[in-house]
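One structure is given below, encoded as C-alpha cells.
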C-alpha cells in the first residue's frame, strides 16, 4: 500500500530506506518472512505498467528523443527527476577532483533504467588482496554468495550461456534462461576475436527469454513459506517473456526485464506486510540512549514537513553514496562523527567502474541485407576478462581486469545517426548522401571496456560543511583520483579494441588510438557503478559492517545497497547487490527470531 | 504470448506498434497501483475500506519528469519564416527526393531543426547562433555570386556554393565557418529525416515490432558476412 504518511500508531519491524535493487530485495524478503516493513523512497511513485513508453518512436519525442541536462540518457529513459543533477539536491567536488553522481528520484530507483547486465563476481573477486596484495579482501567467499546468486537469478529472470570460465562463474543447470541468438555483428566480432584469443560468449542479462515457471520456482525459492510462494507465483504469472522490441532502458510494461517496481515491490506489497511512503527524503537515523537505532527522521517532500518513523530494525539501501551521507548526517552526542563511523571509514573507499570506449567502421557490414537486429536490449554476447594469468605474472602493468561490452549495427535510427559520415564520404550531400547512408547504415560498432577499480585513499565522499540541499540536509563533497592501475587498464582497453576492429578489417572512428589512459578513462561516477563507502570486513577497526552487512556499532542497523562492497570487480554490481541483500535479509530475519536485535 | 504472436507480420512500423500495444495491454495485468491494492489482504467486515492512496501518481509534467506517453517540446520556436524557407531549400539540397524516399522538407525536417535550435539548452543555444549565422551567410554569399538569395538559385548554382562548404578538411579558410554550419545542418537533417517513417523505410530498418522469438540473422546475411 502506498501511504503519504504512516499512521503514528503503526509500529514496523523494519524500515527500509530506498526501493531500488537493495531496498526492493530487502523489502520483498522481509515482507514474505512475515515482518511488517515500511519502505521510504525519496522519489515519486512510478508504475512501469502504466508509464513505460513502449514502442514510442524518436520522432514523437522532443529533440527526437536526444539527451538533455533534464533527461541525460534521452527523453524516454526511465529516470525521473534524476541524472547527474537532481533539482534542488546538489553535491560538490573537492578542488582537483572530478566526480559525477547519478541519482534517480523514483520508486525502484535506477533499476528502472539500468543495463540489465548481470554478471556474477568470481572466486578471485572476493579475495583480491590475497591474490595480488592490493585493496582488501571481502569477509565472505564466492561459495558464501553462490547460493544467493542462484536464487536471485531464478527470482528475477536472467538469460545466459553455459560457459564456466576462469573467475567467470557459470550458473548451475536450470538456473538461467536460454540466451538469445547472436546478432550478425556479434557473430562477425566473435569470428575476429577467436584467433586473437579473446573469448566472446553469451551475455548474462536480467531479461526473460521465456516465462518463469510459476508452478515450481516459488516452492524452490521459498520452501515451506506459503505466503511467499503465493505472492511470488502471482507475480511470476503477471510477467511476460521479452518480445524483442523497445529498449529496456525505458522500462518494460510487460515486466520482461528486472525492475524493482515490476519484480520485487509488487509481491512485497501483495503480502499485506509492506507499506511504501514515496517522496520521503530520509535525513537521519535516530538512536536511543543505549545506541540502538529507533527509526528515521525524514522530510515529506510534498508538504516540506519533518516526520519520524519508528521500527525495531533499520535497513539502509539508499545507494552507496546516499547511505554514507545518511550515516554521516546521523550525528549525536554518542556518535559525534556520524552513526556507525567509529572506524572513520564511512564514505571511504568509494569506487566506480573503469570505462573507456572506441568505435569502428566495419566494411564487411556495409550494404548488409535488411533484417531485424533489435533483439533484447543490450548485447547478446560479451567478452569476459581473459588475461588473468598474464596479469598475475605481472606482464600487463595493471592489476585488475575488464570485460568488453559491444554493439552497434542496424538499430533504430535515432538522434545523431550519421553524425561524422562526412569523413567517410568526402562530405557527401544530395542524392549521393542518401546512397552513402544506405551503404554505411549498420556498419559502425562500439566497444566499451568495463574494468575493476582498486579502492584507494584518495576516493571518498564526506559532508560539505558549507552546503545544504533544499531539504536542509548537508550534501556530499566528493574526492576522486584514479591510480595508474586504472589509467593503464583504460589504455589497454582502447588498444585491444583497435586490435579487434583491425582484425575485423575495419578502421577506428577518428583514426586515432590514444595511448595515454588518463585521456580516455571515463571520469569518476560516469559509469554509475559507485560502490564502497561502508565496507564490510572481519575487523571493526578496518570496516563499517560485519560479514552480514550489519553495523559493528549499531546491531539493529543493516545496509543492503552497494555501500558494503569491499572491491568493485569488473562485473556490473546490481546482481551482487541483489544477492547480498537477500543474504543480509535472511540473517536479519534469523537474528530477529532469535531475539538478538 | 499468443496474442503477441499474432502481430508478427511486417507491414509498416506504425500499424505494428498499435497492434502490439493492444496485445501488450491484453497480456499484462493491472497497473502496479491497482494491482497492489487489489491483492491486499481481504478486508474484515467493518474495517475501513481501502481508499485510493493519497499519493500523487504519474508524471508531474516538469522538464525532469515529463509525460513520456504524451511528449511535448513546449519551448517557443525562434527561426523566422524567411529563415525556415532558406533552411528548407538547404535541407532538400542535402536530402533531396529520389526513387526510394521523399525530400527532407516534405517530412518535417525544417520544423525539427527549428525545434532543435530553439531548445533551452546550452548546446542548442550555441547551435542556434551557428544556424542563423550560416543561413544569413548563405544568402549573402549567393547574392554576391549570383545576384539572388540561396532559395532562388538554380540547382547548378546551389551546388557550386555547397561544394565549397560541404567538407571542412577540403574547404578554403574563408569557408571554414560556413563548412561547420553546413556540417551541423547536414547532421540535423539526417537525424530529422532518418527518424521519420519514410527515413526508417529508406534504410530498411525492420525492428520495433513484437516478435514471438528472435532467430538471429537470416541465411542471406550470413552469406553476405562470410559466416555461412
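Residue numbers (our numbering), protein chains in the order written: chain A, 1 to 597; chain B, 598 to 825. All residues carry an ideal CB built from backbone N, CA and C; glycine is no exception.
Per-residue contacts from residue i into chain B (C-beta, under 7 Å)
| i | result |
| --- | --- |
| residue 371 (chain A) | 803, 814, 815, 818 |
| residue 184 (chain A) | 814, 818, 822 |
| residue 570 (chain A) | By Cβ distance, chain B contributes nothing, its closest Cβ being about 27 Å from residue 570 (chain A), past 7 Å. |
| residue 16 (chain A) | Within chain B, no residue comes near residue 16 (chain A); the closest Cβ sits about 16 Å away, beyond 7 Å. |
Closest by C-alpha distance to residue i, when choosing among the options
| i | options | result |
| --- | --- | --- |
| residue 236 (chain A) | A:570, A:200, A:155 | A:155 |
| residue 3 (chain A) | A:45, A:592, A:50, A:557 | A:45 |
| residue 593 (chain A) | A:30, A:25, A:91 | A:30 |
| residue 530 (chain A) | A:79, A:405, A:69, A:102 | A:102 |
| residue 267 (chain A) | A:229, A:303, A:244, A:250 | A:229 |
| residue 171 (chain A) | A:127, A:146, A:359 | A:146 |
| residue 553 (chain A) | A:587, A:524, A:597, A:523 | A:597 |
| residue 589 (chain A) | A:312, A:373, A:207 | A:312 |
| residue 431 (chain A) | B:756, B:731, B:734 | B:756 |
Amino acids of chain A, ordered along the chain, whose beta-carbon sits closer than 7 Å to that of residue i
| i | result |
| --- | --- |
| residue 811 (chain B) | 180, 181, 244, 375 |
| residue 660 (chain B) | 70 |
| residue 797 (chain B) | 413 |
| residue 780 (chain B) | 422 |
| residue 767 (chain B) | 427 |
| residue 692 (chain B) | 433, 434 |
| residue 716 (chain B) | 63 |
Pairwise C-alpha distance: residue j and residue i
| i | j | result |
| --- | --- | --- |
| residue 252 (chain A) | residue 489 (chain A) | 35 Å |
| residue 627 (chain B) | residue 52 (chain A) | Per-residue confidence for residue 627 (chain B) stands at a pLDDT of 33, beneath the threshold of 50, marking its modelled position as unreliable; the derived number appears in the next sentence. Their backbone Cα atoms lie some 14 Å apart in a straight line. |
| residue 273 (chain A) | residue 36 (chain A) | 5 Å |
| residue 641 (chain B) | residue 14 (chain A) | Residue placement at residue 641 (chain B) cannot be trusted, given a pLDDT of 37 that sits under 50; what the coordinates show is reported in the next sentence. One C-alpha to the other measures close to 25 Å. |
| residue 226 (chain A) | residue 396 (chain A) | 53 Å |
| residue 275 (chain A) | residue 532 (chain A) | 29 Å |
| residue 544 (chain A) | residue 258 (chain A) | 30 Å |
| residue 428 (chain A) | residue 789 (chain B) | 17 Å |
| residue 636 (chain B) | residue 106 (chain A) | Any reading at residue 636 (chain B) must be qualified, since the residue scores a pLDDT of 30, below 50, and its modelled position is unreliable; no value is offered. |
| residue 163 (chain A) | residue 295 (chain A) | 45 Å |
| residue 201 (chain A) | residue 686 (chain B) | 49 Å |
| residue 302 (chain A) | residue 281 (chain A) | 10 Å |
| residue 709 (chain B) | residue 415 (chain A) | 11 Å |
| residue 94 (chain A) | residue 466 (chain A) | 12 Å |
| residue 656 (chain B) | residue 43 (chain A) | 11 Å |
| residue 811 (chain B) | residue 584 (chain A) | 38 Å |
| residue 87 (chain A) | residue 76 (chain A) | 19 Å |
| residue 100 (chain A) | residue 194 (chain A) | 37 Å |
| residue 477 (chain A) | residue 288 (chain A) | 29 Å |
| residue 638 (chain B) | residue 343 (chain A) | With a pLDDT of 33 at residue 638 (chain B), under the threshold of 50, the modelled position of this residue cannot be trusted, and the question is left open. |
Residue i: contacting residues in chain A (beta-carbon distance under 9 Å)
| i | result |
| --- | --- |
| residue 806 (chain B) | 55, 243, 244, 245, 372, 374 |
| residue 724 (chain B) | Residues of chain A passing the Cβ test: none, with the nearest at roughly 11 Å. |
| residue 800 (chain B) | 370, 410, 413, 417, 437, 438, 441, 442 |
| residue 792 (chain B) | 57, 58, 59, 64, 65, 412, 413, 414, 415, 417 |
Chain-ordered chain B contacts of residue i [CB-CB under 8 Å]
| i | result |
| --- | --- |
| residue 368 (chain A) | 818, 821, 822 |
Under 9 Å from the C-beta of residue i: neighbouring residues of chain B
| i | result |
| --- | --- |
| residue 26 (chain A) | Going along chain B, no residue has its Cβ under 9 Å from residue 26 (chain A), so there is no contact; the nearest lies around 18 Å. |
| residue 599 (chain A) | Only positions 1 to 597 of chain A appear in the structure, and residue 599 (chain A) is not among them; the question remains open. |
| residue 150 (chain A) | Those within 9 Å of residue 150 (chain A) in chain B number zero; the least Cβ separation is about 26 Å. |
| residue 683 (chain A) | Shown here, chain A extends from 1 to 597; a query on residue 683 (chain A) therefore has no answer. |
Under 7 Å from the C-beta of residue i: neighbouring residues of chain D
| i | result |
| --- | --- |
| residue 191 (chain A) | No chain D is part of this structure, whose protein chains are labelled A and B. |
Nearest-angstrom Cβ-Cβ length linking residue i and residue j, presumed shorter than 8 Å
| i | j | result |
| --- | --- | --- |
| residue 725 (chain B) | residue 707 (chain B) | With a Cβ gap of about 14 Å, residue 725 (chain B) and residue 707 (chain B) do not count as contacting. |
| residue 39 (chain A) | residue 222 (chain A) | At roughly 20 Å, the Cβ-Cβ gap does not stay under 8 Å, so residue 39 (chain A) and residue 222 (chain A) are not in contact. |
| residue 772 (chain B) | residue 761 (chain B) | 5 Å |
| residue 179 (chain A) | residue 160 (chain A) | 6 Å |
| residue 601 (chain A) | residue 510 (chain A) | For residue 601 (chain A) there is no data in the structure shown, the boundaries of chain A being 1 and 597. |
| residue 418 (chain A) | residue 437 (chain A) | 6 Å |
| residue 140 (chain A) | residue 547 (chain A) | 6 Å |
| residue 376 (chain A) | residue 805 (chain B) | So it is not a contact: roughly 14 Å between Cβ atoms. |
| residue 349 (chain A) | residue 535 (chain A) | 6 Å |
| residue 469 (chain A) | residue 90 (chain A) | 6 Å |
| residue 65 (chain A) | residue 58 (chain A) | 4 Å |
Under 8 Å by beta carbon: chain A residues contacting residue i
| i | result |
| --- | --- |
| residue 666 (chain B) | 51, 53, 56 |
| residue 735 (chain B) | Near residue 735 (chain B) there are no residues of chain A at all, since even the closest Cβ is about 14 Å away, more than 8 Å. |
| residue 761 (chain B) | Simply none; closest approach about 10 Å. |
Take every Cβ of the segment 467-480 of chain A, pair it with every Cβ of the segment 496-506 of chain A, and state whether three or more of those distances are shorter than 8 Å.
In short, these stretches do not touch, since the Cβ pair count stays below three.
Report yes or no: do three or more beta-carbon pairs, one from the segment 207-219 of chain A and one from the segment 15-23 of chain A, lie closer than 8 Å?
Touching, no.
Is the number of C-beta pairs between the segment 687-705 of chain B and the segment 791-800 of chain B that are closer than 8 Å three or more?
Taking a cut-off of 8 Å on C-beta distances, the segment 687-705 of chain B touches the segment 791-800 of chain B, as three or more cross pairs fall below it.
Three Cβ pairs or more, each shorter than 8 Å: is that satisfied between the segment 412-427 of chain A and the segment 302-311 of chain A?
Counting Cβ pairs under 8 Å, fewer than three are found: no touch.
Touch test, the segment 399-414 of chain A against the segment 439-450 of chain A, Cβ-Cβ under 8 Å, three pairs minimum
In short, these stretches touch, since the Cβ pair count reaches three.
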